[in-house]
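Here the protein sequences line up with chains E and U, keeping their order. Numbers given in our numbering equal positions in the first sequence, counted from 1, plus 109. Numbers given in our numbering equal positions in the second sequence, counted from 1, plus 20. I have placed the structure first, in the form of structure tokens, so that the comments after it can refer back to it.
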Amino acid sequence: GAVVSQHPSWVICKSGTSVKIECRSLDFQATTMFWYRQFPKQSLMLMATSNEGSKATYEQGVEKDKFLINHASLTLSTLTVTSAHPEDSSFYICSAKSMEGGADTQYFGPGTRLTVL
Amino acid sequence: DAKTTQPTSMDCAEGRAANLPCNHSTISGNEYVYWYRQIHSQGPQYIIHGLKNNETNEMASLIITEDRKSSTLILPHATLRDTAVYYCIVRYNTGTASKLTFGTGTRLQVTL
């Protein structure tokens with residue numbers, strides 16, 4: 110149980126285009142999902158927290174107009190990188206919070222590697 | 021969330037127990053200790069978590085000191101596939117605002 114998927118697993122796009130990444134909790138409902146970004150040889154950095162049916166909460170320094178987050182259902186959150194530039198190239202990882210068994214645990218997706226040319 | 025301190029790297033021979041320490045001296049009474057690992061180019065994998073009692077599951081054991089200021093993750097019989105970066109994180113376990121903040125972790129290298 111507690112499986113989180115992401116799609117696509119990798120994407121290459123041209124500078125100036127927008128890219129959408131999907132995150133799904135496959136066998137549980139997640140009222141809260143998180144988006145992280147990881148640059149090479151660095152740790153994960155939290156970008157934003159999204160709650161189903163409400164606006165996402167962004168961490169300091171993360172542009173909310175550039176990284177659009179939608180959490181329309183209890184099993185799906187999307188991250189759209191708008192007008193992508195080479196400096197947005199990174200490993201994007203989503204996480205979903207499961208409340209199964211009374212425990213509050215975050216499970217992570219496999220990540221999406223974005224390369225902007 | 022309380023900060024944690026972990027060694028930058030550790031080596032372990034395959035088949036031996038890997039003991040990964042973590043210091044969290046400023047942990048508060050309601051904060052849990054979580055362990056995750058990240059194998060290269062993959063998303064983090066949940067391993068185990070605990071509040072004050074020692075915990076064991078099919079992957080590992082978590083030993084938390086009585087004063088809760090430190091803990092040790094134990095992989096009883098390390099294999100090459102356990103080579104990864106291991107993250108020790110403390111956080112509150114309730115509320116929608118609770119979130120995992122990753123430090124630099126311990127890079128565990130399991131060798132033949």
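The beta carbon of each residue, even a glycine, is placed where N, CA and C say it ideally should be.
If contact means a Cβ-Cβ distance below 8 angstroms, which residues of the region 69 to 89 of chain U contact chain E?
Answer set for the region 69 to 89 of chain U: His69.
Contact the region 140 to 154 of chain E vs the region 193 to 208 of chain E: 3+ CB pairs below 8 angstroms
yes
Proximity below 9 angstroms, CB of Thr189 of chain E to CB of Asn179 of chain E
Here the question's residue 189 of chain E lines up with position 80 in the first sequence. Here the question's residue 179 of chain E lines up with position 70 in the first sequence. Yes. Within cutoff.
Using three-state DSSP, classify Glu34 of chain U as helix, strand or coil.
For the purposes of this step, residue 34 of chain U is taken as the residue at position 14 of the second sequence. In the three-state DSSP reduction, Glu34 of chain U falls in the coil class, being neither helix nor strand.
Element boundaries [beta strand (DSSP E), containing Ile121 of chain E]
For the purposes of this step, residue 121 of chain E is taken as residue 12 along the first sequence, with counting starting at 1. Looking at the DSSP string, the run of the beta strand (DSSP E) that includes Ile121 of chain E is 119 to 122.
Completely contained beta strand (DSSP E) runs for the region 46 to 87 of chain U, where each covers 3 or more residues
Counting only runs of at least 3 residues, the region 46 to 87 of chain U fully encloses the following beta strand (DSSP E) elements, listed from N- to C-terminal order: 51 to 58, 65 to 70, 81 to 84.
Rank E:Ala193, E:Leu226, E:Ser182, E:Leu185 by C-alpha distance to the C-alpha of Gly125 of chain E and give the top, closest one.
As a first step, residue 125 of chain E is located in the first sequence; it is residue number 16 there, counting from the start. Nearest of E:Ala193, E:Leu226, E:Ser182, E:Leu185 to Gly125 of chain E, Cα basis: E:Ala193.
His180 of chain E - containing beta strand (DSSP E), residue span:
In the first sequence, counting from the first residue as 1, residue 180 of chain E sits at position 71. It spans 176 to 182 - the beta strand (DSSP E) in which His180 of chain E sits, taken as one unbroken run.
Could you give the DSSP three-state label for Leu120 of chain U: helix, strand or coil?
Stepping through the second sequence from its first residue, residue 120 of chain U is reached at position 100. Looking at Leu120 of chain U - three-state DSSP - the assignment turns out to be coil, as it is neither helix nor strand.
Under 8 angstroms by Cβ, that's how I've got Thr124 of chain U and Ser152 of chain E pegged, so tell me the actual separation to the nearest angstrom.
In the second sequence, counting from the first residue as 1, residue 124 of chain U sits at position 104. In the first sequence, counting from the first residue as 1, residue 152 of chain E sits at position 43. Thr124 of chain U to Ser152 of chain E, Cβ: 5 angstroms. Contact.
Quick one, are the C-beta atoms of Trp55 of chain U and Leu71 of chain U less than 9 angstroms apart?
Here residue 55 of chain U corresponds to residue number 35 of the second sequence, with the count starting at 1. Here residue 71 of chain U corresponds to residue number 51 of the second sequence, with the count starting at 1. The answer is no: Cβ separation not under 9 angstroms.
Look at Leu183 of chain E and Tyr201 of chain E and say whether their C-beta atoms are less than 9 angstroms apart.
Taking the first residue of the first sequence as position 1, residue 183 of chain E is located at position 74. Taking the first residue of the first sequence as position 1, residue 201 of chain E is located at position 92. No.
Contact list for Glu66 of chain U against chain E, beta-carbon separation under 9 angstroms
By 1-based counting over the second sequence, the position of residue 66 of chain U is 46. Residue 66 of chain U is actually Tyr in this sequence, not Glu. Within chain E, the residues near Tyr66 of chain U are Ala111, Thr214, Gln215, Tyr216, Phe217.
In three-state DSSP terms, what is Pro195 of chain E?
What you label residue 195 of chain E is simply residue 86 of the first sequence in a count that begins at 1. Looking at Pro195 of chain E - three-state DSSP - the assignment turns out to be helix.
What separation, rounded to the nearest whole angstrom, lies between the Cα atoms of Glu161 of chain E and Leu100 of chain U?
Along the first sequence, read from residue 1 onward, the residue named residue 161 of chain E stands at position 52. Along the second sequence, read from residue 1 onward, the residue named residue 100 of chain U stands at position 80. Separation of Glu161 of chain E and Leu100 of chain U (C-alpha to C-alpha, rounded to the nearest whole angstrom) is 39 angstroms.
Going by Cα to Cα distance, which pick from U:Ala104, U:Ile67, U:Gly63 is closest to Asn77 of chain U?
Numbered from its first residue, the second sequence carries residue 77 of chain U at position 57. Checked all of U:Ala104, U:Ile67, U:Gly63; the closest Cα to Asn77 of chain U is U:Ile67.
Bridge partners for Arg111 of chain U per DSSP, in chain order?
Here the question's residue 111 of chain U lines up with position 91 in the second sequence. The bridge partners DSSP lists for Arg111 of chain U are U:Tyr52.
Of all the CB atoms in chain E, is at least one closer than 9 angstroms to the CB of Gly63 of chain U?
Taking the first residue of the second sequence as position 1, residue 63 of chain U is located at position 43. Chain E, which has a Cβ nearer than 9 angstroms to the Cβ of Gly63 of chain U, makes this yes.
For the beta strand (DSSP E) that His116 of chain E lies in, which residues bound it at each end?
To locate residue 116 of chain E, count along the first sequence from 1; it is residue 7. Its beta strand (DSSP E) spans residues 113 to 116.
Measuring CA to CA, which of U:Pro64, U:Thr24, U:Arg88 is closest to Val113 of chain E?
As a position in the first sequence, residue 113 of chain E is number 4, starting the count at 1. The residue with the shortest Cα to Cα distance from Val113 of chain E is U:Pro64.
Kindly indicate which three-state DSSP category Leu226 of chain E falls into: helix, strand or coil?
Mapped onto the first sequence, residue 226 of chain E falls at position 117. DSSP places Leu226 of chain E in coil when its eight states are reduced to three.
Looking at the unbroken beta strand (DSSP E) that takes in Phe143 of chain E, where does it start and where does it end?
Position 34 of the first sequence holds residue 143 of chain E. Counting along the chain, the beta strand (DSSP E) containing Phe143 of chain E begins and ends at 141 to 147.
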